[in-house]
Each structure stands twice: as C-alpha cells, then as structure tokens.
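Numbering (our numbering), first residue to last: 918 to 1025. Cβ coordinates follow ideal geometry from the N, Cα and C atoms, glycine included. Just so it is clear, the structure is predicted and the values come from calculations on it, not from any experiment. Working notes, structure below.
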Amino acid sequence: MTQTPKIFGQNKPDAGIDTNLFTVSGTNQAQISIFVCNQGNDYERFTIALVPNNQSEQPENYLAYNTLLSKNAVLAFSGIYLNSGDKVQVSSVNGNCSFTATGIDFSP
C-alpha cells in the first residue's frame, strides 16, 4: 500500500493560546514532521506537546517547552510517530509562530 504525504495541519495561534494542530483520526497511525516558523521581527518562544489519546496536556507530553526561536527562523522536528486519537498541541508566547504538521497516515 502506498501512502501519499500530506499536510495534516497548519495554524498560527493567537498569543499564549494552546491550539490543536493535528489529531490522528479513526484507527489510523501517523508518522509526522512538525515545522515551526517565527514570522516575527524578534525572538519568540513556542511549545509543542504530543498528547496521548483521551488525555489532557501534561508536563511529560512536551516535545518543546518555551523554546526560544530566532526572528524569521524555522525549526523542524521529524520522526514523530502517533497512534489513533493522539494529538499535537502548539502555542507561542506572542503569537508570532506558525506551525505545520506533514507526513503520512496508515492503518496498523
């Protein structure tokens, strides 16, 4: 079976707002990469959490927490595997970061 890479989610949340970027649907699993782009003219801090199905965000879920990103910079995280119902939550302190999740989904 061939999986076609796709964009799962794109968002530029308002300042300080935890936002759902992507949730694995149905009984699928997903392999994703997450890209963070600081669109501001100053340093920005961002957070990414990988939250297991039917759970709320906890400190152990953070892939990045209050991480500093230079102005106009991009940072990528890859090799992320998620199960059915798992979600990616993102935020940035000043609302200057956009987030993109790309990858493939598949049935186990």
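I believe residue i touches residue j by the beta-carbon criterion, under 8 Å. Please report the beta-carbon distance rounded to the nearest angstrom.
| i | j | result |
| --- | --- | --- |
| Glu974 | Asp1022 | With 8 Å as the limit, Glu974 and Asp1022 do not qualify as a contact, their Cβ atoms being about 22 Å apart. |
| Val968 | Asp1003 | 7 Å |
| Ala990 | Asn978 | Wrong, their Cβ atoms sit about 24 Å apart, outside the cutoff. |
Who does residue i pair with in a DSSP beta bridge?
| i | result |
| --- | --- |
| Ser950 | Thr1019 |
| Ile997 | Ile949 |
Taking the alpha-carbon positions, what's the residue i to residue j distance?
| i | j | result |
| --- | --- | --- |
| Ile949 | Lys923 | 9 Å |
| Gln920 | Ser1001 | 17 Å |
| Asn945 | Phe963 | 28 Å |
| Pro1025 | Gly943 | 11 Å |
| Thr1026 | Asn958 | The requested residue 1026 does not occur in the structure, where the chain is confined to residues 918 to 1025. |
| Thr1017 | Gln1006 | 11 Å |
| Phe994 | Ser1009 | 16 Å |
| Asn971 | Phe952 | 25 Å |
So, are the CB atoms of residue i and residue j less than 8 Å apart?
| i | j | result |
| --- | --- | --- |
| Asn928 | Glu961 | no |
> If you scan the segment 960 to 1009 from start to end, which runs of the beta strand (DSSP E) of 3 or more residues do you find wholly inside it?
Replying inline: At a cut-off of 3 residues, the continuous stretches assigned as beta strand (DSSP E) that sit fully inside the segment 960 to 1009 are 961 to 968, 979 to 986, 991 to 999 and 1004 to 1009.
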